[in-house]
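*Asks:* What follows is a structure written as structure tokens; I'll ask about it next.
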């Protein structure tokens, strides 16, 4: 068979696979979100004031190369824009005269076993950087942002566009490590991820797809040069984003620390991706990248509808992980299975085997059978949203313990190999990891979550008991729900957290999104010197300065600057009797620009940090708080004189006395 015939056959099989992925994605979208699959690309094809994403500037460029306007697309558009029937039925007047977006692809979980109701739509928007630059680049980016905002505000679906310069992608240049970008940390890994999961929506086909599954860089370039001569396939139907011959050892460290930052928001996804790094590193020189394994399977022509697992990128990744760890570290395999099943969101305990309607349900059911999971096990993980806090916390600790352990194993194995991640990206990612994971004196620790949502408690009971093991000789504890005294004696209440100080206990709940603005608190002992009103006041006051932070979203600019104190709150006499006019206790709480919250006892703690922040370019917001029934004015005046500061009572910047 000639090379020409080989390429034609490979292309046909790739296009069939791509169509199958789209069909699978559509089956997993609900009726309300399915039309968006068609509408979003259409909004990149046009620029009109009656549609979202309109930019009123003659320099704006738009339009998708090879965009197919089908009846399917028209029907979907009419559901979303029923008032624009005339333009949808006959779009010639809004059609672009010149199309500048060379390729539009989805990457990630769409059309795989990992797709769920919560899956984002992550688009790569590929353009020629020589044509689309400066103001045109900025205007197109603005258009993309407007579309993202419209989709979220109207349909509560997260859409992310990654505007990409074709030549830079070809050269593995993915920019700086910020937001959703992997930066310099893992360019080959990112390209492998793209090729492994991409679905072509419109435009040119990545030439990589029709090259042999493990070809060298030189062979790839020869093939592309042959294509450009135009003797066989139309070269205008392909885009060159570069080859992936093998994964580089010098990207392993960058990829590992990147996954740790992603785990702060998506621990399940990062567990499997971190495990995948360990698999690849085991035999880095010989291991074929996952994208090339997938491409080889697609080229074989296996029907991906009938054999979904064989060409499902997520299943392929999972199977390779299980195979490796079964031989090397089998104790983690149960965690991987739990992560896969919960991530799939299939809830198969409610399904009968003859009622599995989607490819994903069938695939996950096959896994459950091979794992010998019983009905009670499946029901347990289907009810994960109803788990007690302690049970969720245990799973979260297991996940983050694996991530840190895997990171350490990878770090040990790659010692001596020069790593690719640049110094700035290393600083940004490294400081995020330190802020989230490090244990320091006085630090309010981040909760190592298993899930991003679902931990907010509407009712919390606080107890206090004498405990000589605590520095204050008091143990303050928080429990889920409303408890009565007999409950603590005869039942097993849901424990949340304990602390030697009630202020720290409340701060931990706030900072870790355990409570919001309006929780209901209950105190078990009636003889305590604080009451629920005091706690409510503290929550409202603390939320002004110490609202929950997502470390993964801290800005690059802040993390590249020296750490600064941004907010400070002194809590005075919180648990003292209300008649006390002297300062008995002070809790000094402060937040840094790197997302770390600290709490120390004693007025000296403020004197210590004052020496730190007095030299900052911007002084922190600094306030005083004491429960309203205390002798507030007297206490505030005394503290201000003691530390030589004027504290602003409404959140303005403090001024040093002269």
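Residue numbers (UniProt numbering): 1 to 658.
All C-beta atoms in this analysis are idealised placements derived from N, C-alpha and C, irrespective of residue type, glycine included.
Quick caveat: nothing in here was measured; it's all calculated off a predicted structure.
Could you check where the beta strand (DSSP E) with residue 568 kicks off and where it finishes?
*Replies:* From DSSP, the beta strand (DSSP E) with residue 568 extends over 565 to 572.
*Asks:* Do you know whose CA, among 498, 582 and 592, lies nearest residue 436's CA?
*Replies:* If we check each option's Cα against that of residue 436, 592 comes out closest.
*Asks:* Would you verify that the beta carbon of residue 397 is, or is not, closer than 8 angstroms to some beta carbon of chain D?
*Replies:* Absent from the structure is chain D; it holds one protein chain and no more.
*Asks:* State yes or no: is the C-beta of residue 325 within less than 8 angstroms of the C-beta of residue 332?
*Replies:* Contact flag set, yes.
*Asks:* Please report the straight-line C-alpha distance between residue 10 and residue 241, rounded to a whole angstrom.
*Replies:* For residue 10 and residue 241, the distance between alpha carbons rounds to 18 angstroms.
*Asks:* By DSSP, does residue 409 sit in helix, in strand, or in coil?
*Replies:* Residue 409: helix per DSSP, three-state reduction.
*Asks:* Using only alpha-carbon positions, find the residue among 59, 359, 131 and 263 that is nearest to residue 27.
*Replies:* The shortest Cα separation from residue 27 among 59, 359, 131 and 263 belongs to 359.
*Asks:* Hey, would you say residue 66 sits closer than 8 angstroms to residue 202, going by beta carbons?
*Replies:* For residue 66 and residue 202, yes; Cβs fall inside 8 angstroms.
*Asks:* By DSSP, does residue 241 sit in helix, in strand, or in coil?
*Replies:* Three-state DSSP puts residue 241 in coil, outside helix and strand.
*Asks:* Can you tell which of 603, 39, 98 and 616 has the C-alpha that lies nearest to the C-alpha of residue 64?
*Replies:* When each option's Cα is compared against that of residue 64, the closest is 98.
*Asks:* Please classify residue 506: does DSSP put it in a helix, a strand, or coil?
*Replies:* Three-state DSSP puts residue 506 in a helix.
*Asks:* According to DSSP, simplified to helix, strand and coil, what is residue 500?
*Replies:* Coil.
*Asks:* Under three-state DSSP, which class holds residue 490?
*Replies:* Note on residue 490: pLDDT 45, under 50, position unreliable in the model; the coordinate value appears next. Residue state, collapsed to three classes: helix.
*Asks:* Would you identify the three-state DSSP class for residue 195, choosing helix, strand or coil?
*Replies:* Helix, per DSSP.
*Asks:* Helix, strand or coil, according to DSSP, for residue 625 in the structure here?
*Replies:* Note: residue 625 maps to strand in three-state DSSP.
*Asks:* Below 6 angstroms CB to CB, which residues in the same chain sit around residue 400 once its five sequence neighbours on both sides are set aside?
*Replies:* The answer, listed in chain order, is 448.
*Asks:* Look at the Cβ atom of residue 263, then the Cβ atom of residue 403, and state whether they are nearer than 8 angstroms.
*Replies:* It is a contact, given that the beta carbons lie within the stated cut-off.
*Asks:* What is the DSSP secondary structure of residue 651, counted as helix, strand or coil?
*Replies:* Note that residue 651 scores a pLDDT of 31, beneath 50, so its modelled location is shaky and nothing firm can be said.
*Asks:* What does a CB cutoff of less than 7 angstroms around residue 16 pick up in its chain, not counting 5 residues either side in sequence?
*Replies:* Excluding sequence neighbours, residue 16 sits near nothing in its chain.
*Asks:* Does DSSP put residue 533 in a helix, a strand or coil?
*Replies:* Here residue 533 sits in helix by DSSP.
*Asks:* Nearest to residue 18 by alpha carbon, out of 647, 129, 196 and 86?
*Replies:* Considering only alpha carbons, the answer is 196.
*Asks:* How is the beta strand (DSSP E) around residue 334 delimited, first residue to last?
*Replies:* Careful: residue 334 lies outside any beta strand (DSSP E), inside the alpha helix (DSSP H) at 333 to 344.
*Asks:* Take residue 312 and list the residues in its own chain whose beta-carbon comes closer than 6 angstroms to its own, dropping the five residues that flank it on each side.
*Replies:* For residue 312, where only same-chain residues beyond five positions count, the Cβ hits under 6 angstroms are 112 and 113.
*Asks:* Where residue 628 and residue 463 are concerned, what is the direct C-alpha to C-alpha distance, given to the nearest angstrom?
*Replies:* Going from the Cα of residue 628 to the Cα of residue 463 covers about 22 angstroms.
*Asks:* Roughly how far, in whole angstroms, is the beta-carbon of residue 565 from the beta-carbon of residue 612, given that I think they are within contact range, below 8 angstroms?
*Replies:* About 6 angstroms; that satisfies the 8 angstroms criterion.
*Asks:* Can you tell me which of the three DSSP states residue 645 falls into?
*Replies:* Three-state DSSP puts residue 645 in a strand.
*Asks:* What are the boundary residues of the alpha helix (DSSP H) that includes residue 723?
*Replies:* Beyond the ends of the chain as shown, which are 1 and 658, falls residue 723; an answer cannot be given.
*Asks:* Excluding the 5 residues flanking residue 600 on each side, which residues of the same chain have their C-beta closer than 6 angstroms to its C-beta?
*Replies:* Excluding sequence neighbours, residue 600 sits near 442 and 588.
*Asks:* Closer than 7 angstroms by C-beta to residue 298: which residues in its own chain qualify, once you throw out the five before and the five after it? Chain order, please.
*Replies:* 13, 14, 17 and 311, listed in sequence order.
*Asks:* So, using beta-carbon positions, are residue 508 and residue 499 closer together than 8 angstroms?
*Replies:* For residue 508 and residue 499, yes; Cβs fall inside 8 angstroms.
*Asks:* Determine the burial state of residue 534: buried for a count of at least 16 other Cβ atoms within 10 Å of its Cβ, exposed for fewer.
*Replies:* Buried, by the Cβ-count rule.
*Asks:* Please state whether DSSP places residue 269 in a helix, a strand or coil.
*Replies:* DSSP places residue 269 in helix when its eight states are reduced to three.
*Asks:* Which first and last residues belong to the alpha helix (DSSP H) in which residue 415 is found?
*Replies:* Careful: residue 415 lies outside any alpha helix (DSSP H) and carries neither H nor E.
*Asks:* In angstroms with no decimal places, state the Cα-to-Cα distance between residue 321 and residue 279.
*Replies:* The straight-line gap from Cα to Cα measures roughly 6 angstroms.
*Asks:* Could you check how far apart the C-beta atoms of residue 239 and residue 166 are, in whole angstroms? I think they sit under 8 angstroms.
*Replies:* Confirmed, Cβ separation roughly 6 angstroms.
*Asks:* Whole angstroms are fine: how far does the CA of residue 393 sit from the CA of residue 642?
*Replies:* Their backbone Cα atoms lie some 42 angstroms apart in a straight line.
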